[in-house]
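Novice: Below is one structure. I have some questions about it.
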Amino acid sequence: MDTTELISYNPATLVEVGRIAVTTTAELDSMIESAHDAFHGWRQDHDLRKGLLAACSYELMRKAEDIVPLLTTEQGKPRAEAASEVWIAAKSLAEAARTQWEPELLGAHTPVRTAFIERRPLGVVGAIVPWNFPVFLMAAKISAALAAGNTVIVKPAESVSLVVRKVVDVLAGVLPAGVISTAVGGPDVGRALMNHPKVRKVSFTGSTTVGKQIMRQAADTVTPVTLELGGNDPAILLADADIDRAATALAQGAFLNAGQICIAPKRVYAPTSLLDRFCRAFADRMDDLSVGDGLDPATRVGPLHNMRQLEIVSHLLEKAVAGGATVVRGGERGTDLPGHFLTPTLVRDIDDSAELVAVEQFGPVLPVVAYDDLDAVLSTLDDQEFGLGASVWGNDVENATDVALRIDAGTVWVNQHNALDVGLPFGGVKSSGFGREGGMQGIEDFLQTRVIDIKQ
Ligand code: NAD
Numbered sequence: 530m531d532t533t534e535l536i537s538y539n540p541a542t543l544v545e546v547g548r549i550a551v552t553t554t555a556e557l558d559s560m561i562e563s564a565h566d567a568f569h570g571w572r573q574d575h576d577l578r579k580g581l582l583a584a585c586s587y588e589l590m591r592k593a594e595d596i597v598p599l600l601t602t603e604q605g606k607p608r609a610e611a612a613s614e615v616w617i618a619a620k621s622l623a624e625a626a627r628t629q630w631e632p633e634l635l636g637a638h639t640p641v642r643t644a645f646i647e648r649r650p651l652g653v654v655g656a657i658v659p660w661n662f663p664v665f666l667m668a669a670k671i672s673a674a675l676a677a678g679n680t681v682i683v684k685p686a687e688s689v690s691l692v693v694r695k696v697v698d699v700l701a702g703v704l705p706a707g708v709i710s711t712a713v714g715g716p717d718v719g720r721a722l723m724n725h726p727k728v729r730k731v732s733f734t735g736s737t738t739v740g741k742q743i744m745r746q747a748a749d750t751v752t753p754v755t756l757e758l759g760g761n762d763p764a765i766l767l768a769d770a771d772i773d774r775a776a777t778a779l780a781q782g783a784f785l786n787a788g789q790i791c792i793a794p795k796r797v798y799a800p801t802s803l804l805d806r807f808c809r810a811f812a813d814r815m816d817d818l819s820v821g822d823g824l825d826p827a828t829r830v831g832p833l834h835n836m837r838q839l840e841i842v843s844h845l846l847e848k849a850v851a852g853g854a855t856v857v858r859g860g861e862r863g864t865d866l867p868g869h870f871l872t873p874t875l876v877r878d879i880d881d882s883a884e885l886v887a888v889e890q891f892g893p894v895l896p897v898v899a900y901d902d903l904d905a906v907l908s909t910l911d912d913q914e915f916g917l918g919a920s921v922w923g924n925d926v927e928n929a930t931d932v933a934l935r936i937d938a939g940t941v942w943v944n945q946h947n948a949l950d951v952g953l954p955f956g957g958v959k960s961s962g963f964g965r966e967g968g969m970q971g972i973e974d975f976l977q978t979r980v981i982d983i984k985q
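530 is the number of the first residue of the sequence shown in this note's numbering; add one for each residue after it.
Structure follows, in structure tokens:
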């Protein structure tokens with residue numbers, strides 16, 4: 530590992546936001562040793578941990594005014610969305626502090642024998658996080674890991690290291706020394722972290738491509754992993770869907786964070802008879818989506834986070850149009866700012882053979898696919914690689930729920946989409962990963978079992 534700097538740029542203006550030193554091998558080793566030393570004290574007192582996690586939540590909200598503008602300038606999202614992200618991160622910490630669980634259960638008890646089932650923390654764990662929701666996705670991991678009694682090293686995506694380091698420093702100011710720290714750098718730092726013999730688990734959120742590498746790397750040291758990977762969420766409108774309600778909710782969900790949300794609605798399936806009405810209603814909701822710098826209070830949609838992402842999405846859009854798709858609204862690259870902008874885009878006259886529908890495009894584009902046979906749609910979804918989220922829309926809630934039950938995904942919403950609740954387990958199936966975050970199941974993900982079986 531070289532001791533070099535990472536430089537963050539504002540994705541709206543391309544102006545430098547700041548610099549941060551890459552963590553050296555020696556620094557990483559010493560960080561992991563400190564986390565290992567801190568583990569023995571931290572794991573002891575369940576109630577003290579809960580109190581300190583609640584204090585972390587409070588402290589994060591108290592420092593939100595400093596964090597929110599940095600999150601906007603480094604990541605690109607509008608200021609109101611950055612404020613929501615910090616708030617939901619604080620909520621994750623508060624929720625983990627509140628969650629009740631028993632560290633020890635009675636397994637067997639006779640006059641001559643007693644067996645206890647201990648639910649123990651693992652030790653030092655690594656949290657490797659992406660750039661799209663750097664503060665919340667980190668908080669979702671560390672809140673559960675810390676509540677379970679582990680100590681944590683956070684490895685943020687390179688381009689959002691400043692804001693993640695700032696948040697971790699706020700939390701480290703509340704927690705005992707060594708309980709949480711940040712390792713800054715690229716894949717080599719991530720690899721060194723996960724293959725360190727004293728790191729007992731890695732929880733990763735990011736792309737499916739890197740998730741597969743993480744799984745291979747984990748094999749070398751038999752390190753357990755949780756993988757929260759990509760998604761390509763479908764929203765299925767049934768014949769009795771409330772089109773206005775669906776259009777309003779899906780327009781909000783599809784363009785938040787410029788579409789760079791793993792659980793955004795990424796494609797809509799509409800009955801052919803409803804296609805025109807839905808596209809009109811949806812396009813109406815795009816009227817007030819002004820695109821610009823996230824620090825401008827008028828901005829509703831910020832830039833894409835980096836040029837690579839803009840190019841991927843623009844290329845998929847161009848290919849779809851070349852293949853016969855129609856852009857109903859949007860699709861323009863650039864604004865008067867130099868950053869990576871694409872105006873929110875609605876596309877129709879397209880089907881699952883187009884990559885814009887079939888792959889995770891991770892941008893502010895929503896293709897609408899017309900269908901006549903619901904069974905065929907469900908069977909196509911079943912054959913596809915992702916299974917993170919999905920939604921079903923219909924006025925007959927019982928019927929819509931029956932359709933939801935036929936979809937293989939981590940979360941299936943009915944008459945809503947990306948309605949994240951930090952108290953509920955969240956995660957994927959198929960290429961969207963495995964393991965869960967949130968609620969008690971999130972904490973279970975950072976526990977292991979030991980049986981103490983005593984004969985009198
Ligand atoms: P990415 O996979 O490129 O990187 C994620 C993290 O992994 C970064 O911190 C990166 O430095 C690190 N990394 C890369 N190679 C590594 C290696 N070999 N070993 C260890 N660490 C390594 O992801 P991204 O581009 O930052 O984020 C976008 C992706 O994340 C999208 O695919 C999106 O769907 C996914 N995502 C999933 C969820 C979820 O909960 N399922 C949530 C948000 C984002």
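Just so you know, even glycine gets a beta-carbon here, dropped at the ideal spot from N, CA and C.
Under DSSP, the beta strand (DSSP E) around His638 begins and ends at which residues?
Specialist: Glu633 to Thr639
Novice: For Arg1073, which residues in the same chain have their Cβ closer than 7 Å to its Cβ, ignoring the five residues on either side in sequence?
Specialist: No answer is possible for residue 1073: it lies beyond the span of the chain, which begins at 530 and ends at 985.
Novice: State the DSSP-derived secondary structure class of Ile983, mapped to helix, strand or coil.
Specialist: DSSP places Ile983 in strand when its eight states are reduced to three.
Novice: Please classify Trp660 as buried or exposed, where buried requires at least 16 neighbouring CB atoms within 10 angstroms.
Specialist: buried
Novice: Would you call the region 736–755 in contact with the region 774–782, where contact means no fewer than 3 C-beta pairs closer than 8 Å?
Specialist: no
Novice: How many angstroms separate the CA atom of Pro540 from the CA atom of Arg877?
Specialist: 29 Å
Novice: Report whether the distance from the Cβ of Ser736 to the nearest heavy atom of the ligand NAD is below 7 Å.
Specialist: yes
Novice: Between the C-alpha atoms of Asn523 and His869, what's the straight-line distance to the nearest angstrom?
Specialist: With the chain running from 530 to 985 in the structure shown, residue 523 is simply not present.
Novice: Grouping DSSP H, G and I as helix and E and B as strand, with all else coil, what is Ser920?
Specialist: In this structure, Ser920 counts as strand in the three-state DSSP scheme.
Novice: Following a CB-centred definition, is Val889 positioned closer than 7 Å to any heavy atom of the ligand NAD?
Specialist: Just to set this straight, residue 889 is Glu in the shown sequence, not Val. Yes; taking the cut-off as 7 Å, the Cβ of Glu889 has a heavy atom of the ligand NAD nearer than that.
Novice: Roughly how many angstroms lie between the CA atoms of Trp942 and Gly760, to the nearest whole one?
Specialist: 15 Å
Novice: Helix, strand or coil for Val820, going by three-state DSSP, please let me know.
Specialist: strand
Novice: In this structure, how does DSSP classify Arg572 when only helix, strand and coil are distinguished?
Specialist: coil
Novice: What is the rounded straight-line gap between the Cα of Pro867 and the Cα of Gln838?
Specialist: 15 Å
Novice: Helix, strand or coil: which one does DSSP assign to Gln838?
Specialist: helix
Novice: Can you tell which of Glu624, Thr828 and Gly655 has its C-alpha closest to the C-alpha of Leu557?
Specialist: The shortest Cα separation from Leu557 among Glu624, Thr828 and Gly655 belongs to Gly655.
Novice: Residues bridged to Lys959 by DSSP?
Specialist: Phe915, per the DSSP bridge assignment.
Novice: Grouping DSSP H, G and I as helix and E and B as strand, with all else coil, what is Arg935?
Specialist: coil
Novice: The alpha helix (DSSP H) that contains Pro663, what's its start and end?
Specialist: Pro663 to Ala677
Novice: Quick one: Cα of Gln604 to Cα of Arg809, how far?
Specialist: 32 Å
Novice: Can you tell me which of the three DSSP states Ser882 falls into?
Specialist: coil
Novice: Count Cβ pairs between the region 695–709 and the region 629–649 that sit closer than 8 Å; are there 3 or more?
Specialist: no
Novice: Sort out for me which residues DSSP pairs Val681 with in a bridge.
Specialist: Val654 and Ile709
Novice: Using a Cβ-based criterion (distance less than 7 Å to any ligand heavy atom), does Arg965 qualify as near the ligand NAD?
Specialist: no
Novice: Tell me the residue span of the beta strand (DSSP E) that contains Thr855.
Specialist: Thr855 to Arg858
Novice: How about Val932 and Tyr798: do their beta carbons lie closer than 8 Å?
Specialist: no
Novice: For Gly782, tell me which candidate among Glu884, Phe807, Leu895 and Ser688 has the shortest Cα-Cα distance.
Specialist: Sorting Glu884, Phe807, Leu895 and Ser688 by C-alpha distance to the C-alpha of Gly782 places Leu895 at the top.
Novice: Please report the Cβ distance between Pro607 and Gly831, rounded to the nearest whole angstrom; I am assuming they are in contact, meaning their Cβ atoms lie under 8 Å.
Specialist: 5 Å
Novice: Which residues in the same chain have their Cβ closer than 6 Å to the Cβ of Leu953, if we skip the five residues on either side of it in sequence?
Specialist: Gly967 and Gly968
Novice: If Ala564 sits next to Thr680, beta carbons under 8 Å apart, how far is it from one beta carbon to the other, in whole angstroms?
Specialist: Between Ala564 and Thr680 the beta-carbon gap is near 4 Å, inside 8 Å, which marks them as a contact.
Novice: I'd like the list of long-range same chain contacts for Leu582, defined as Cβ closer than 7 Å, with 5 residues on each side in sequence excluded.
Specialist: Leu622, Ala625, Ala626, Ser672, Leu675 and Ala676
Novice: Looking only at its own chain, which residues have a Cβ that is under 7 Å from the Cβ of Asp566, when we skip the five neighbours before and after it?
Specialist: Gly707
Novice: Under 8 Å by Cβ, that's how I've got Leu962 and Gly740 pegged, so tell me the actual separation to the nearest angstrom.
Specialist: In the sequence as displayed, the identity of residue 962 is Gly instead of Leu. Gly962 to Gly740, Cβ: 6 Å. Contact.
Novice: So what's Gly968 in DSSP terms, helix, strand or just coil?
Specialist: helix
Novice: Please list, in chain order, all residues of the same chain as Ala593 whose beta carbon is under 6 Å from its beta carbon, the five residues on each side excluded.
Specialist: Val615
Novice: Just the Cα atoms here: how many angstroms apart are Asp531 and Thr553?
Specialist: Note that Asp531 scores 48 on pLDDT, short of 50, meaning its location in the model is unreliable; the coordinates nonetheless yield the value given after this. One C-alpha to the other measures close to 7 Å.
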